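Student:
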Amino acid sequence: MPQAPFICYDLRIEPLSPIHIGSGVTLEPMEYDLEENHSGCWMIVFDLPAMLRSLTGPERTEFDRIADKGDYPGLRTWVRRIGRQKSECRRFVVQVQEPAFKLLRTHQDDPERLGEIELMTRHADTGVPFVPGSSIKGAIRTALVDHALGEMRPERRPRGEKNGPAFEAKVLGHVRDGGRPDLYKDPLRQLAISDCMLSPGDCYIDRIQIINRRAQDDRRSADASGIQMHRDVTWSMLDGESIAARGSCRITTGLSGRGRQGAPLVADRIDLDRVIEACNAFYRPRLKDELDRFPIPEEGGEDLLKWVEEMGADQCLVRLGRHSHFECVTVSEPYARPPRRGVGASRSRVDGRLPLGWAKVRFSMSEPGAQ
183 MPQAPFICYD
193 LRIEPLSPIH
203 IGSGVTLEPM
213 EYDLEENHSG
223 CWMIVFDLPA
233 MLRSLTGPER
243 TEFDRIADKG
253 DYPGLRTWVR
263 RIGRQKSECR
273 RFVVQVQEPA
283 FKLLRTHQDD
293 PERLGEIELM
303 TRHADTGVPF
313 VPGSSIKGAI
323 RTALVDHALG
333 EMRPERRPRG
343 EKNGPAFEAK
353 VLGHVRDGGR
363 PDLYKDPLRQ
373 LAISDCMLSP
383 GDCYIDRIQI
393 INRRAQDDRR
403 SADASGIQMH
413 RDVTWSMLDG
423 ESIAARGSCR
433 ITTGLSGRGR
443 QGAPLVADRI
453 DLDRVIEACN
463 AFYRPRLKDE
473 LDRFPIPEEG
483 GEDLLKWVEE
493 MGADQCLVRL
503 GRHSHFECVT
513 VSEPYARPPR
523 RGVGASRSRV
533 DGRLPLGWAK
543 VRFSMSEPGA
553 Q
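So our numbering is basically just the index in the sequence shown, starting at one, shifted up by 182.
(1) Can you give me the C-alpha to C-alpha distance between Thr435 and Gln391, rounded to a whole angstrom?
(2) Flag this pair as yes or no: are the beta carbons of Asp388 and Gln290 separated by less than 8 Å?
(3) Comparing C-alpha positions only, which one of Ile425, Met302, Ile226 sits nearest to Arg287?
(4) For Asp246, name the three-state secondary structure that DSSP assigns.
(5) With H, G and I counted as helix, E and B as strand and the rest as coil, what does DSSP make of Met212?
(6) If you compare alpha carbons, which of Pro516, Val543, Ala541, Leu536 is closest to Asp328?
(7) May I ask whether a heavy atom of the ligand GTP can be found less than 7 Å away from the beta carbon of Lys268?
(8) Measuring only the C-alpha atoms, how far is Leu365 from Arg272?
(9) Enumerate in chain order the residues of its own chain whose CB-to-CB distance from Ile203 is below 8 Å, with the five nearest sequence positions on each side excluded.
(10) Which value, in whole angstroms, describes the spacing of the CA atoms of Val310 and Ala541?
(11) Suppose you measure from the CA of Pro211 to the CA of Gln410; what does that come to, to the nearest Å?
(12) How is Gln279 classed by DSSP in three states: helix, strand or coil?
(13) Helix, strand or coil: which one does DSSP assign to Val500?
(14) Helix, strand or coil: how does DSSP classify Lys488 here?
(15) Where does Met547 fall in DSSP's three states?
(16) For a minimum of 3 consecutive residues, which ranges assigned as the beta strand (DSSP E) are wholly contained in the stretch 284-318?
(17) Tell me which residues share the same chain as Phe545 and place their Cβ nearer than 7 Å to its Cβ, disregarding the 5 neighbours each side in the sequence.
Structure follows, in structure tokens:
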């Protein structure tokens with residue numbers, strides 16, 4: 183039986199800290215309701231098109247009357263009332279941390295506050311959250327470029343290249359005549375990663391606060407911006423919760439060979455060992471450096487480092503999504519071009535405490551016939 187031209191792995195993403203991957207969807211107060219009960223604080227997200235389709239004649243008349251008056255607060259109140267009556271108008275429900283819940287409820291009908299909430303990537307029909315494969319591959323790609331750069335002889339390294347794709351192409355070797363990237367020869371063509379599904383209850387809403395290094399001793403005064411950012415983030419080990427997003431990874435080994443004309447199909451070979459080595463070499467020092475400059479309260483930083491040290495040979499560290507900060511999305515010096523004022527004196531933290539984006543990735547060989 184001929185050997186398959188690819189190797190498949192089951193992928194398990196374990197958030198060490200909360201993760202927020204922007205979906206481009208921002209909820210306005212019209213689109214959600216806030217509810218508190220014996221089990222906690224919750225946000226109910228409405229399906230407004232489904233709500234409008236479900237209206238009876240009298241409900242439609244009432245809706246038109248309020249809308250024609252331009253009574254936006256009244257319309258929000260009406261939408262919440264209809265949403266409470268009709269369960270089919272609910273898209274999904276997500277937990278809200280109590281301090282954020284109180285803040286959102288206080289300003290829910292305040293015209294001076296937008297009350298917007300930025301959602302995690304979620305499926306449009308079910309509302310179930312997921313980690314996009316493109317985000318995982320992007321984090322791996324950054325590490326692989328940095329790793330390849332470190333292996334290059336100094337005289338072969340790119341000099342004065344300001345174009346990101348062209349720089350990557352020179353480092354990874356997929357440059358065509360004229361110096362432009364040849365995407366067909368891009369080594370990352372060998373790596374395919376699916377979206378990794380979370381469970382419906384794997385996220386919560388909390389406030390993102392900006393902390394300053396000089397305000398580390400007083401978390402309540404750390405965020406002097408006054409900006410209210412509320413985001414949909416995953417639970418994590420720093421929250422005391424162990425969750426995982428699950429998907430698959432395929433490495434197409436057949437692309438590392440040669441074509442009919444004898445030329446390599448891609449510029450370089452990528453295998454799992456190289457991916458794991460590159461990610462750990464890139465992200466682990468950056469985690470330690472950030473914790474040195476921006477400690478986590480209540481020994482959270484020590485726990486984070488311990489979990490990373492305990493990773494197995496089939497695991498690597500990555501940083502995903504928004505608020506990964508400059509150092510984790512750019513290659514090492516001297517190619518990194520930090521802001522003129524340095525690396526930065528502030529960080530975005532969940533509730534002013536928890537960093538965002540850190541995760542363990544585990545690869546395990548797929549069972550035959552699973553793909």
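Even glycine gets a Cβ: it sits at the ideal position worked out from N, Cα and C.
Note that the coordinates shown come from a computational prediction; the quantities given were computed from them, not determined experimentally.
Tutor: With the structure as the only source:
(1) Looking up residue 435 in the sequence shown gives position 253. Looking up residue 391 in the sequence shown gives position 209. If I take the Cα positions, the gap works out to 44 Å.
(2) Your numbering for residue 388 matches position 206 in the sequence shown. Your numbering for residue 290 matches position 108 in the sequence shown. The answer is no: Cβ separation not under 8 Å.
(3) The count along the sequence shown starts at 1 and reaches residue 287 at position 105. It is Ile226 whose Cα lies nearest to the Cα of Arg287.
(4) Taking the sequence shown and counting its residues from 1, one reaches residue 246 at position 64. Three-state DSSP puts Asp246 in a helix.
(5) On the sequence shown, position 30 is the one that residue 212 refers to. In the structure shown, Met212 sits in a helix (DSSP, three-state: H, G or I).
(6) Taking the first residue of the sequence shown as 1, we reach residue 328 at position 146. Answer by Cα proximity: Pro516.
(7) Questions concerning the ligand GTP fall outside what the structure shown contains, since it holds no ligand whatsoever.
(8) Translated into the one-based positions of the sequence shown, residue 365 becomes position 183. Translated into the one-based positions of the sequence shown, residue 272 becomes position 90. Spanning the two alpha carbons is a distance of roughly 43 Å.
(9) Locating residue 203 in the sequence shown gives position 21, where the first residue counts as 1. Counting only Cβ-Cβ distances below 8 Å, and skipping sequence neighbours, we find Met302, Thr303, Val313, Pro314, Ser317, Leu502, Gly503, Arg504.
(10) Indexing the sequence shown from 1 puts residue 310 at position 128. Indexing the sequence shown from 1 puts residue 541 at position 359. Cα to Cα, Val310 sits roughly 19 Å from Ala541.
(11) Taking the sequence shown and counting its residues from 1, the one referred to as residue 211 is at position 29. Taking the sequence shown and counting its residues from 1, the one referred to as residue 410 is at position 228. Going by the C-alpha atoms only, they are around 14 Å apart.
(12) As a first step, residue 279 must be located in the sequence shown, where it is residue number 97. DSSP, read as helix, strand or coil, puts Gln279 in coil.
(13) In the sequence shown, counting from the first residue as 1, residue 500 sits at position 318. Strand.
(14) Counting from one through the sequence shown, the residue named residue 488 turns up at place 306. Helix at Lys488.
(15) Position 365 of the sequence shown, counted from the first residue, corresponds to residue 547. The answer is strand: DSSP assigns Met547 an E or B state.
(16) 299-302
(17) Looking up residue 545 in the sequence shown gives position 363. Closer than 7 Å at Cβ, skipping near neighbours: Tyr191, Leu193, Cys431, Leu454, Asp496.
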